[in-house]
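Read the structure below first, then the notes.
Number of protein chains: 2
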Amino acid sequence: MEHVSFENVDITGGFWKNRQDINRNTTIHAIEEQFRKTGRFDSFALGWKKGDPNQPHIFWDSDIAKWVESVSYIIAKHPDKELENKIEEVIDHIEKNQDESGYFNVYISVCEPENRFKNREYHELYCAGHLIEAAIAYYNATKKDRFLNLMRKYADYIETAFAKDDITGFVTDGHEEIELALVKLWHCTGERRYLELSEFFIDQRGQNEKDVTQMENSGFVWKPSYYQSHLPVREQFTAEGHCVRACYLYTAMADLAREYNDGELLYACKRIFDDIANGKMYITGGIGPSCNGETFTIPYDLPNQTSYAETCAAISLVFFSQRMLSLEIDSKYSDVIERVLYNGFLSGISLDGKSFFYENPLEIHPDLGRKDRSVKEGYHTHYPAAKRAEVFLCSCCPPNVTRLIATLGNYIYSVKDEVCFVHQFIDSNMEQNGVTVTQTTEYPNNGKVVIKASGAKQIAVRIPGWCSSYRIDREYSVKNGYACVDNDGCDITVEFDMQPVLFQASHLVCENSGKAALCMGPVVYCVEGVDNGDLLWNIRISKDFKAEAVYDPRFGAKTITADGFRQDKTTKAYSPLSDTFDKIKLKFIPYFAFANRGESEMAVFMRIKD
Amino acid sequence: MEHVSFENVDITGGFWKNRQDINRNTTIHAIEEQFRKTGRFDSFALGWKKGDPNQPHIFWDSDIAKWVESVSYIIAKHPDKELENKIEEVIDHIEKNQDESGYFNVYISVCEPENRFKNREYHELYCAGHLIEAAIAYYNATKKDRFLNLMRKYADYIETAFAKDDITGFVTDGHEEIELALVKLWHCTGERRYLELSEFFIDQRGQNEKDVTQMENSGFVWKPSYYQSHLPVREQFTAEGHCVRACYLYTAMADLAREYNDGELLYACKRIFDDIANGKMYITGGIGPSCNGETFTIPYDLPNQTSYAETCAAISLVFFSQRMLSLEIDSKYSDVIERVLYNGFLSGISLDGKSFFYENPLEIHPDLGRKDRSVKEGYHTHYPAAKRAEVFLCSCCPPNVTRLIATLGNYIYSVKDEVCFVHQFIDSNMEQNGVTVTQTTEYPNNGKVVIKASGAKQIAVRIPGWCSSYRIDREYSVKNGYACVDNDGCDITVEFDMQPVLFQASHLVCENSGKAALCMGPVVYCVEGVDNGDLLWNIRISKDFKAEAVYDPRFGAKTITADGFRQDKTTKAYSPLSDTFDKIKLKFIPYFAFANRGESEMAVFMRIKD
C-alpha cells in the first residue's frame, strides 16, 4: 500500500484546514521568535564561547532542523520567499561551519569538540537525522539541493566513521532518529548506501558490546532497555524505555521490514504495536505514563494525574502506526492515528497556536503540583504542568507539532492496486497518478462523509473503531476494518452515527475502574473546573445520561452538556457512608482544548453513577 | 487531668495482653538480634575505624536508646535480670566513653569528632533526647541512677553549650526530640533547669538566625518548614514538614503549654491538632502521605497507593494526642489515639512480632513497585514495600513500636478531681492514689465493657467517634464526648453496638470519592488479594451489603465476609461502557493484619456499587 503524500493532497476546509492555517500563520512564527530569543538560531554560527549566555544544548540542532523541516512543508504548498530566506540563512551557517569531514553539530563543536562521536547520549546522530529530514523536506519543497548535499556529505561521513572505519566511541545512538532519516534519504537520493547504513544501525542495536560499555563507563543511569538496547531488535516484542526513542526506532524497523521484506522485523513490529495499543496507550493516544525517563512502564499502568504522555511521543506513535499501515491493511493502525491526532497530539498545542504542552495529563488538580510545601524545588512529586508554555528548555515538541500539522495530508489516502483507501475523514482533494478524490465532510463535528473519486475501481473507507453504527449508500463489504465500495465516479455518502458515548478502559487499568470517559466520534471529551466548579472528583455521570452537543466556534468543535451529579459535601474527615448527590448539568469540552482558559482542574475519566 | 501511668495499670487479658506478651517474649529479642548483627550494640564501644564494616549511622544511638527504654518499661513490670544486664552493658559503654564534658554520641565520636554540635542535621540532640528518655525509664524501672546521672551530665553540658556559652554551630536540632525528653527529665529529677532548657529550644525554633544560616551553608535541600523552623512555634498553626519531627515538637509544645499555662502555645497546638485530624490523617491514623522528606503535604492529599504513613509518625501522633488530652478533655484526642493504635500503628509490626513496616500504605499492587522497568534503581517511582522487614537501614520504627506497646497502660485512664476517665477499652486493672478500676472487656472484638471502680465519684467513659449507638446501664450525661456516670462501686456496663459499617472520607479527598472503607468498632478493615483474588480495584461493595463477622485466632480479631461484586473482564483497551458485574463473597481482614501471608494486593478503600 502506498500512502499518498501530503504534496498531492489539499486540505480544503473544516477542522484541520483551520489548524493548518494557524500552523502557517501563527505557530511557525511563534516558535521562530522563541528560538531566536533563546539563541537557538544564532547557535548555528558556532560563535558561542564559555561565559556567553545561551549555552547551546545537545539537541538544539534538532529544534532548528524541525523548524526548517516544518517551514519547508509549508512553503511546498504555500511558497513564501521570506520564510525561504530564513532557511537559507540557516543553511549558510551550516555550509560555512560544517567540518571538512562533513560533520556538523553545534553543541559538540563549541562545547566539547574533543568528544565527537564519543558519547551515545549526546544525541549527535539524532540531530543529524533531523537535519537530514529537514534537508530532504527543503529539497522537495524548493528543488534547491545545497542543504541536501551538505547533509549527504554528513551522512557519508557517518557511514565512514561508524560503519567503515569504526572510529567512534559507540555504534548506535542513544536516541534513535538517524535510522528513519536514512531511509528517507535513500528514497530522496536513490543512493542505496543510506538504506544499508540504516540497516547497519538497526542490526547493531542491542548486540554491540561497544554500546553497552560506553554507556556504563559514562555513568549513565538508565538500563539498556531505556534506549532499546536490551535485545537485538528482532527479539524485541514489547515497547520499552524512552517512548520517543522507542517509536522512532519502531518506525525505522517498520521501514526496513518493508524495504527488505523482512518477516522477522515485521513480526517484532506487529507485536510491539499491539503491546502499545492494547495496554500502554491512553484513551487520548498518549503514550509513556512515567516522568522517570519519559518511559513506557508495565502494561495497564495508565495513571491519570501523573500521565506524562509527551507530545513528541504521540507524534512518534503516528509515524510508527503509519508505517505499519503501509505494511498491513488493518484499521487498527489508522484508528490509532485518528485517536492520537484528535486528542493526545492536538492537546499539545493551544487553540491560538502559540503555546504548548510537553506533557498531556488526563487529569489536573493544580493544587497537587504545589503539595510538597516543605520540600525544595527538585524534590517535588512530579505532576505535569497545568499551563502551556511558549517554549521549553527542552523544546522538542513545538516544532514536532508543526511538522505533523503541515504534513497531515500524508495520513488521509493510500492507493493499492486499483483500490483507493480513505483512512482519515478530512475535507480534502487528492490527486496522484491518475487517481483523484474529493472528500467533503465536517468531521469530527458531523459523521457524514461524501467521497467522489476517479481513477480507482474500489474505494475502501475506514470504519472507525469508535463507531458502532453507520450507513453507506452503496453495497459494501467490510475487510480489515475498511468498507469496500465499487466506485462508479458518483458521490459515495457514508454516515457514521456520532453521539456522545461513555467509554470504559480495560478492567486491567487500576485507575479507571468504575470510571468512564465521554467521547463523541474520534474526540475524547473532558470536564474542566472553569465550567463545572472545582473538586471534579466529586462529579458523577450516570450510565444512561442525556446529552446535548452544540458547536462551539472557540474550539472548532462541539461541546456537550449532560445530566450529572455532584457528591454532597461532608463535614468530617471520616463519617459513615452517606453517598448523597445533587443533580447538576455537566459541561464537556474536547480534551484537545483543555487548559486554554487559564489554570483549572480537568478530568477525562469520571466516576459513573448507576 | 492526670493520666495514669502504665506502671499503675495491668493489662490483664484480651487483644492487647496478647500483643504485650509478644512484645516481651519475641519482639524485644528479635530487635536485639538484628541490632547486634548490624553492629549497633557494638558501636557504643566507640571502636569503629575507617575501613571497618558497619559504620555507625548518625542515629544509631537512638535505636539502642529506644530498645533500652522499651526493655526498661518491660522489666518495670516483669523483672528480668538477663535483660537488665544487657542494659548495664550498654551503660558501661556509655560511662566508659562519655566525654569529660558529658557529651556522648557514637557517630560524631568515631566518624567526625571535629563536627560536634556543628550540623543541625546530625541528630545529636535527637539522639541525646532518646538516651535521656531511656535513662529515665531505666531509673524508674530499677531505681538505679547510674545511667540517669550520666545523662544528667550530658544534659548539663547541652545546657552549657547551647543556652549559656553559645559555642555550637546551631541552636535547635534539625530533628526534634530533646525538647520532650527534657520535660521528662525535669519531672524525673525535679531540676527546673531542664524544663527551662526545653523552653529555650522551643522558643528559639523558627527565630534563630544561626539555625537558618547553618542549614543553608551545609547545602541542606529542604525548606525550613521541613524541620518546623519556618516560623516561631507560637505562630505555627498547621502541621508542616517531616512528620515525626513535627509531632515530637508538638508534643513538647503541649508539654510546655501545660507546665507554663501558656495560652499561645496551647492555641497553636489545638490548631495544629485539628489541621492533622481533619485533613492530614488517613483513616488508619497514619500521617505523612509523602515519601519526599516523609512529610505532611497539603490538606486532603491522602493517596492510597503511595501513602507513606511512617510507623514512627503514627506513634508521634499518639504522643501529641495524649498531651492534648491532658490539656483539654475532649474525646477527639482519645479517638485519634484509638484510631492509630488499632490501625496505622499496629500495622507496623507483623502478627508474630518479628518484622516491621516503615511505611503503611492503604493500597498495595505489588506489580506497580516493579513498573519502572527501563529505569535504574534509585530512579523508580516510590511505592511502599509490600513485605515487612526484620530490620531497616534506618530502623527507628521497630524500637518505637516496642516502647509504645510496653507503655500502652499510659493511655487507658486519667483522673481529674474525683472523676476517673476511661479513654481506651482494654481489659485491665488500675490503681493510683486510692482510685482503683477493673475494666473487663473483649474489645475490639465485642462492644461490651464492664467497669468497676472505687475511690472516684464519677466515671467518664469515652463514647468512641465510630459509635452511633450504645447503652449504659445507668443514667449518664455526655460531655466532651465522655458519658459521665455516678459511681456506686458496682459494675457499670457499657455496650457499644459494633457492626461492620462503611466509612467514607471527606469529599475533599480526591482518591476516595466513590469509595468507602469497611470498619467495625475501632478496627479498619481491608481486602487482600490472597483472599479475594488480584485486581482488587475491580471489586465493589454495595451500600446495603450484608456481612458476617467471625473471630479468627490468627489475627486475634474478627474477619468479615460480605456480599460484593467483581467487575467483568473486558477484552479491549477501550470499549463502550458495559459496567457488568459478578456477585462474589468478599473477605475482609483487619488492616493491622495485612501482609502477614506473603506479598499480596491489598486495599482499604473500595468502590461502592449502588
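Top to bottom, those sequences are chains A and B.
Start counting the first sequence at 52; every next residue gets the next number (our numbering).
Start counting the second sequence at 52; every next residue gets the next number (our numbering).
For glycine and all other residues, C-beta sits at the position ideal for the given N, C-alpha and C.
These numbers were taken from a predicted model, which means no experiment stands behind them.
* Does TYR430(B) come within less than 9 Å of chain D when only Cβ atoms are used? -> Within the model displayed, chain D is absent; protein chains A and B are what it includes.
* Quick one: what's got a C-beta closer than 7 Å to ALA305(A)'s C-beta in the same chain, skipping five residues either side? -> CYS320, PHE371, ARG374, MET375 and LEU378
* If I'm right that CYS363(A) touches VAL295(A) with Cβ under 8 Å, what's the distance once you round it to whole angstroms? => 5 Å
* Residues sharing a beta bridge with LYS530(B), DSSP -> TYR533(B)
* List the whole-angstrom C-beta distance separating PHE110(A) from GLU172(A), where the pair is believed to meet the contact cut-off of C-beta under 8 Å. => Not a contact, Cβ separation roughly 11 Å.
* State the Cα-Cα distance for the pair ASP93(B) and GLN149(B), rounded to the nearest angstrom. => 15 Å
* Asked: Roughly how far, in whole angstroms, is the beta-carbon of ALA116(A) from the beta-carbon of GLU230(A), given that I think they are within contact range, below 8 Å?
  -> With 8 Å as the limit, ALA116(A) and GLU230(A) do not qualify as a contact, their Cβ atoms being about 16 Å apart.
* Shorter than 9 Å from the beta carbon of CYS561(A) to some beta carbon of chain B? -> yes
* Please list the partners that MET332(B) has in chain A, where partner means a Cβ-to-Cβ separation under 8 Å. => ALA624
* Would GLN618(A) count as contacting chain B if we go by Cβ distances under 9 Å? -> yes
* For CYS541(A), does the count of other Cβ atoms within 10 angstroms reach 16, so buried, or fall short, so exposed? -> exposed
* To do: Determine which residues of the region 536 to 557 of chain A have a Cβ less than 9 Å from any Cβ of chain B, and write them out in chain order.
  => VAL552, LEU553, PHE554, GLN555, ALA556 and SER557
* **MET52(B), enclosing alpha helix (DSSP H) - first and last residue** => Note, MET52(B): premise wrong, no alpha helix (DSSP H); not H, not E.
* Between the CA atoms of ARG244(A) and THR211(A) - distance to the nearest angstrom -> 11 Å
* **Beta carbon of PHE221(A) nearer than 9 Å to that of PHE251(A)** => no
* List, in order along the chain, the chain A residues whose C-beta lies closer than 8 Å to that of TYR277(B)? -> SER425 and VAL426
* Asked: Candidates ALA507(A), LYS508(A) and ALA534(A): which alpha carbon is nearest SER520(A)'s?
  -> ALA534(A)
* Out of LEU300(B), TYR278(B) and VAL284(B), which has the shortest C-alpha to C-alpha gap to HIS293(B)? -> TYR278(B)
* To do: At 4 residues or longer, and completely inside the region 59 to 121 of chain B: list those alpha helix (DSSP H) runs for me, N to C.
  => 65 to 73, 79 to 88 and 91 to 94
* **Three-state class that DSSP yields for ASN329(B) in the structure shown** => helix
* **Below-9 Å beta-carbon distance, PHE347(A) vs any chain B residue** => yes
* Asked: According to DSSP, which residues form a beta bridge with PHE407(A)?
  -> ILE400(A) and ALA440(A)
* Asked: For a contact meaning CB atoms closer than 7 Å, what does LYS422(A) contact in chain B?
  -> THR348, ILE349 and ASP352
* Partner residues on chain B for THR621(A), Cβ-Cβ distance less than 9 Å -> GLN555, ALA556, SER557, HIS558 and LEU559
* Determine whether the Cβ of PRO417(B) lies closer than 9 Å to any Cβ atom of chain A. => no
* To do: Spell out whether any CB of chain A is found under 9 Å from the CB atom of HIS226(B).
  => no
* Asked: With contact counted as at least three CB pairs below 8 Å, one residue from each stretch, are the region 377 to 394 of chain B and the region 620 to 637 of chain B in contact?
  -> no
* To do: Please name the residue or residues paired with ASP633(B) in a DSSP beta bridge.
  => ARG617(B)
* **Min CB distance ALA186(B) to chain A below 9 Å** => no
* Please state whether DSSP places MET549(A) in a helix, a strand or coil. => coil
* Can you name the residues of chain A whose CB is closer than 8 Å to the CB of ASN589(B)? -> HIS558 and SER564
* Would you say ALA179(A) reaches chain B, if we count a Cβ-Cβ gap shorter than 9 Å as a contact? -> no
* To do: Could you tell me the distance, in whole angstroms, from the CA atom of ALA511(A) to the CA atom of GLY330(A)?
  => 28 Å
* 9 Å Cβ cutoff met for VAL500(A) and THR487(A) -> no
* To do: Specify, as a first and last residue, the run of the beta strand (DSSP E) that TYR521(B) falls within.
  => 521 to 523
* C-beta neighbour in chain B for ALA600(A), strict 9 Å -> no
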